[in-house]
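Student:
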Ligand SMILES: [Zn+2]
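Residue numbers (our numbering): 2 to 417.
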């Protein structure tokens, strides 16, 4: 079948790269071709003099959504896209998808059939080496079905089933007996807590940041490491290798990673996806912060990510200083081993509210957070409450959230 060929090609291509020099050479050539061949095909870039990537402006979701049609070759507007998404999720031969973010903040994307099969092939190559030789039953649990995932139904050795986590899915999942589960961490955690009779060979967390405490709980129950698929409407960003290390998908996407704050490993993410030509995503600034990791001994030459720290929006601004979500998270979790769930909100200019389960000593938590902040010369009122913490399956779980005001924007690396 024509489309399956794209998946197989992408699969072998992704497997072939062995050294950093090979990766950079190959990606550089692909990026160059894309800049000259595909980028000028959409109105936003038409007529621009482009010799290299730095000739393009850095854009963000607001730029893209303000004139969606200017970024795709089919002239699909945001209105057309949302309308299609509410119905067949197709416009002609093109597929329309959307992110699972909160309403008003959701992103839209348009891809071709060939692109969706290439995407699937790349995911399979990275997530399931040797999938070609084995029969897999893959269960995908997400709040929204996107046609991206339906692609696998058309591949012979792969049986793929989608489960809507907004509906009861527990019994159907047990009957399906997946060999591979891809689900948000909160759904994986629920499977472990309810001791569901499942025996997957591979477990992938996607769609939300994987908290280390969730990863431990899930891995302990299934006796398998939890790997991650880090993807968004912006594309496929990173997939964990068999050692569990997240590697950036530098073979299909170019990453600019400007440093944020004092930590040299803490980076903002600006992506240029040279594997897509229907919709152009060039120098697109994401809302995520990542922390770079050291080289991985699995042998993959792709840059590693120690963790996806969280959203730029969820950094706290206190006394003019930026506090990233992981700093407060660690302060809270390290207080007491019994803290397996929590919420931390910035609720005022100098106020933080922390929710911890019943039975946890509130004063100790408040003290730990206050100390962590004062070590950074920040003072804030820390309010700690005991609460019943339940995941809401209808929205993305954000344990650390700035409910006060947004983080200061990161200095633009675009010098023009
Ligand atoms: Zn690795």
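The beta-carbon is built from N, C-alpha and C at its ideal position, and this holds for glycine as well. Being a predicted model, the structure only gives us computed values, none of them experimental.
1. State the beta-bridge partners of residue 402 as determined by DSSP.
2. Should residue 19 be labelled buried (16 or more other beta-carbon atoms within 10 Å of its own) or exposed?
3. Under the three-state reduction of DSSP, which class applies to residue 208: helix, strand or coil?
4. Inspect the beta-carbon positions of residue 268 and residue 258 and report whether they are closer than 8 Å.
5. Give every residue of the same chain whose Cβ lies closer than 6 Å to the Cβ of residue 97, excluding the five residues on either side of it in the sequence, and list them in chain order.
6. With DSSP run on the structure shown, which of helix, strand or coil describes residue 255?
7. Starting from the C-beta of residue 44, find all residues in its chain whose C-beta is less than 6 Å away, skip the five residues before and the five after it, and write them out in chain order.
8. Enumerate, from N- to C-terminal direction, the unbroken alpha helix (DSSP H) stretches of 4 or more residues contained entirely within the stretch 217-246.
9. What does residue 141 pair with, by DSSP beta-bridge criteria?
10. On the DSSP bridge list, what partners appear for residue 322?
11. So is the beta-carbon of residue 248 under 7 Å away from any non-hydrogen atom of ligand 1?
12. Assuming residue 1 and residue 328 make a contact with CB atoms under 8 Å, what is their CB distance in whole Å?
13. Among the residues of its own chain, which have a CB less than 7 Å from the CB of residue 79, if the five just before and after it don't count?
14. In angstroms, rounded to a whole number, what distance separates the CA positions of residue 107 and residue 362?
15. Do residue 280 and residue 293 count as a contact pair if the criterion is CB distance below 8 Å?
16. Name the one or two DSSP bridge partners that residue 249 has.
17. So is the beta-carbon of residue 299 under 7 Å away from any non-hydrogen atom of ligand 1?
18. Grouping DSSP H, G and I as helix and E and B as strand, with all else coil, what is residue 45?
19. Cα separation between residue 330 and residue 401?
20. Out of 285, 215 and 35, which has the shortest C-alpha to C-alpha gap to residue 59?
21. Grouping DSSP H, G and I as helix and E and B as strand, with all else coil, what is residue 27?
22. Start and end of the beta strand (DSSP E) containing residue 287?
23. Give the straight-line distance between the Cα atoms of residue 386 and residue 210, rounded to the nearest whole angstrom.
24. Cβ of residue 379 within 8 Å of Cβ of residue 340?
25. Provide the residue span of the alpha helix (DSSP H) that contains residue 86, from first to last.
26. Can we count residue 244 as close to ligand 1, meaning its CB is less than 7 Å from some heavy atom?
27. Let's test the definition: count the other Cβ atoms within 10 Å of the Cβ of residue 248 and tell me whether it reaches 16, buried, or not, exposed.
28. Mapping the DSSP letters down to three states, classify residue 372 as helix, strand or coil.
29. Among the candidates 197, 351 and 136, whose CA atom is the shortest distance from the CA of residue 375?
30. From this set, 76, 142 and 337, which residue's C-alpha is nearest residue 368's C-alpha?
31. Which residues in the same chain as residue 410 place their Cβ atom closer than 6 Å to its Cβ, once the five residues preceding and following it in sequence are excluded?
32. With a CB to CB cut of under 7 Å and the five nearest residues on each side skipped, what residues in its chain are close to residue 349?
33. For residue 359, which residues of its own chain have a beta-carbon under 8 Å away from its beta-carbon, when the five flanking residues on both sides are left out?
34. Pick out whichever of 278, 399 and 118 has its Cα sitting closest to the Cα of residue 34.
35. Can you check DSSP and say which residues form a bridge with residue 110?
Tutor: For this structure:
1. According to DSSP, which records beta bridges pairwise, residue 402 is partnered with 346.
2. That one is exposed.
3. DSSP, read as helix, strand or coil, puts residue 208 in coil.
4. Yes, they are a contact pair.
5. Answer for residue 97: 82, 85, 86, 90 and 111, listed in chain order.
6. Strand, per DSSP.
7. Annotation for residue 44: 71 place their beta carbon closer than 6 Å to its own, counting only its chain and skipping 5 residues before and after.
8. Within the stretch 217-246, no complete alpha helix (DSSP H) run reaches 4 residues.
9. 163 and 183, per the DSSP bridge assignment.
10. Partner(s): 319.
11. Under cutoff, so the answer is yes.
12. Limits of the chain in this structure are 2 at one end and 417 at the other, which puts residue 1 out of reach.
13. Closer than 7 Å at the Cβ level, and outside the excluded window around residue 79, lie 66, 69 and 109.
14. Going from the Cα of residue 107 to the Cα of residue 362 covers about 38 Å.
15. Not a contact, by the Cβ cut-off of 8 Å.
16. For residue 249, DSSP records a beta bridge to 239.
17. When distances are taken from the beta-carbon of residue 299 to the heavy atoms of ligand 1, the shortest one is below 7 Å.
18. The answer is coil: DSSP assigns residue 45 none of H, G, I, E or B.
19. Distance between the alpha carbons of residue 330 and residue 401 is about 7 Å.
20. Nearest of 285, 215 and 35 to residue 59, Cα basis: 285.
21. Helix.
22. Note, residue 287: beta strand (DSSP E), 285-293.
23. C-alpha separation (whole angstroms): 24 Å.
24. Result no, Cβ atoms of residue 379 and residue 340 do not sit closer than 8 Å.
25. Start and end: 79-87.
26. For residue 244, the Cβ falls inside the 7 Å cut-off from some heavy atom of ligand 1.
27. Per the 10 Å Cβ criterion, buried.
28. If DSSP states are grouped into helix, strand and coil, residue 372 belongs with the helices.
29. The candidate whose alpha carbon is nearest that of residue 375 is 351.
30. Comparing Cα-Cα distances from residue 368 to each of 76, 142 and 337, the minimum goes to 337.
31. Confidence is the limiting factor: at residue 410 the pLDDT is only 45, short of 50, which leaves the residue's position unreliable, though a coordinate-based value still follows. Within the same chain, residue 410 has no close Cβ partners at all.
32. These residues qualify, in order along the chain: 405.
33. Closer than 8 Å at the Cβ level, and outside the excluded window around residue 359, lie 387, 388 and 389.
34. The residue with the shortest Cα to Cα distance from residue 34 is 278.
35. According to DSSP, residue 110 bridges with 98.
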